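J.: Residue numbers (our numbering): 6 to 169.
Pasting in a structure now, in structure tokens, and then I'll have a few things to ask.
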Amino acid sequence: MAKILSDKRVRDYLAEVLSSFARTNNGIIYWKELGAWHKSRFSDIDIDDMIELARIIDPEMRPQLYKRIADLALFLSGIFPEHAVLFAARPKTMYKARRTLEDYEHMGSRFYSLAARETDQAQWKPVLETLAEKFTLARLALYSMSDRYVKTHRTRYFRFPTES
Numbered sequence: 006m007a008k009i010l011s012d013k014r015v016r017d018y019l020a021e022v023l024s025s026f027a028r029t030n031n032g033i034i035y036w037k038e039l040g041a042w043h044k045s046r047f048s049d050i051d052i053d054d055m056i057e058l059a060r061i062i063d064p065e066m067r068p069q070l071y072k073r074i075a076d077l078a079l080f081l082s083g084i085f086p087e088h089a090v091l092f093a094a095r096p097k098t099m100y101k102a103r104r105t106l107e108d109y110e111h112m113g114s115r116f117y118s119l120a121a122r123e124t125d126q127a128q129w130k131p132v133l134e135t136l137a138e139k140f141t142l143a144r145l146a147l148y149s150m151s152d153r154y155v156k157t158h159r160t161r162y163f164r165f166p167t168e169s
């Protein structure tokens with residue numbers, strides 16, 4: 006973990022990721038597909054919503070969504086790993102699969118890789134590539150921080166008992 010955190014750019018990026026969850030957004034999007042208009046609600050803290058939005062949005066906007074999807078996977082699996090699995094176990098529809106921590110790791114690596122490949126922000130490309138390659142280390146770094154600072158306050162955020 007120390008190796009990934011020794012890179013100032015990665016540390017700065019992780020701080021930015023954490024601060025991005027201080028305020029979340031939701032909305033409604035309308036789009037035309039196969040000759041029919043569709044309407045969908047979305048939340049930028051819901052991975053499935055972001056994946057669906059990336060599918061229907063203009064291609065030049067996708068790298069930002071890929072980054073957000075990977076950031077979500079990192080945040081949920083790093084800061085609230087046990088709750089991420091519990092929330093994923095309650096899908097909105099019967100077609101959405103339950104996720105494990107390994108699923109979040111795979112998804113995070115995949116979407117950081119896509120974001121790195123397609124981004125037009127050159128300063129973030131090496132950081133996104135590092136996170137794609139070392140997602141598990143980044144997740145464990147966040148988990149270590151969460152275990153130390155957030156663990157005792159989890160009942161404020163979730164109605165589940167804390168670990169003893």
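Virtual Cβ for every residue (Gly too), placed ideally from N, Cα, C.
It should be emphasised that the depicted structure is a prediction, and the values quoted were computed from it without experimental measurement.
Using only CA atoms, which one of 157, 150 and 143 lies nearest to residue 10?
T.: Counting from one through the sequence shown, the residue named residue 10 turns up at place 5. Measuring C-alpha to C-alpha distances from residue 10 to each of 157, 150 and 143 identifies 143 as the nearest.
J.: Is there contact between the stretch 11 to 22 and the stretch 127 to 138, where contact requires at least three CB pairs shorter than 8 Å?
T.: The stretch 127 to 138 and the stretch 11 to 22 touch, with three or more beta-carbon pairs separated by less than 8 Å.
J.: Within the same chain, show all residues whose beta-carbon is closer than 6 Å to that of residue 117, passing over the 5 residues directly before and after it, in chain order.
T.: Locating residue 117 in the sequence shown gives position 112, where the first residue counts as 1. Correct list, in chain order: 75, 133, 136 and 137.
J.: Sorted by chain position, which residues of the same chain lie with C-beta nearer than 6 Å to residue 114's C-beta, five sequence neighbours on each side aside?
T.: The residue given as residue 114 occupies position 109 in the sequence shown. The residues are 137 and 140.
J.: Can you tell me which of 109, 20, 49 and 36 puts its alpha carbon nearest to the alpha carbon of residue 29?
T.: Within the sequence shown, numbered from 1, the residue matching residue 29 stands at position 24. Nearest C-alpha to residue 29: 49.
J.: Take residue 68 and list the residues in its own chain whose beta-carbon comes closer than 6 Å to its own, dropping the five residues that flank it on each side.
T.: Numbered from 1 along the sequence shown, position 63 holds the residue referred to as residue 68. Answer for residue 68: 120, 123 and 124, listed in chain order.
J.: One question on the structure: do residue 35 and residue 78 come within less than 8 Å of each other, judged by their Cβ atoms?
T.: As a working note, residue 35 is residue 30 in the sequence shown. As a working note, residue 78 is residue 73 in the sequence shown. Going by beta carbons, residue 35 and residue 78 fall outside the 8 Å limit.
J.: Going by CA-CA distance only, name the one from 63, 147 and 153 that's closest to residue 37.
T.: In the sequence shown, residue 37 corresponds to position 32, counting from 1. Considering only 63, 147 and 153, the residue with the shortest C-alpha distance to residue 37 is 63.
J.: Have a look at 23, 41, 55 and 26 and flag the residue whose alpha-carbon is nearest the alpha-carbon of residue 33.
T.: The sequence position of residue 33 within the sequence shown is 28, counting from 1. Checking every option, the nearest Cα to that of residue 33 belongs to 55.
J.: Please state the DSSP three-state secondary structure of residue 40.
T.: Position 35 of the sequence shown holds residue 40. Reduced to three states, the DSSP call for residue 40 is coil.
J.: Taking just the CA atoms, how far does residue 84 sit from residue 7?
T.: Here residue 7 refers to the residue found at position 2 of the sequence shown. Here residue 84 refers to the residue found at position 79 of the sequence shown. Whole-angstrom Cα-Cα distance: 17 Å.
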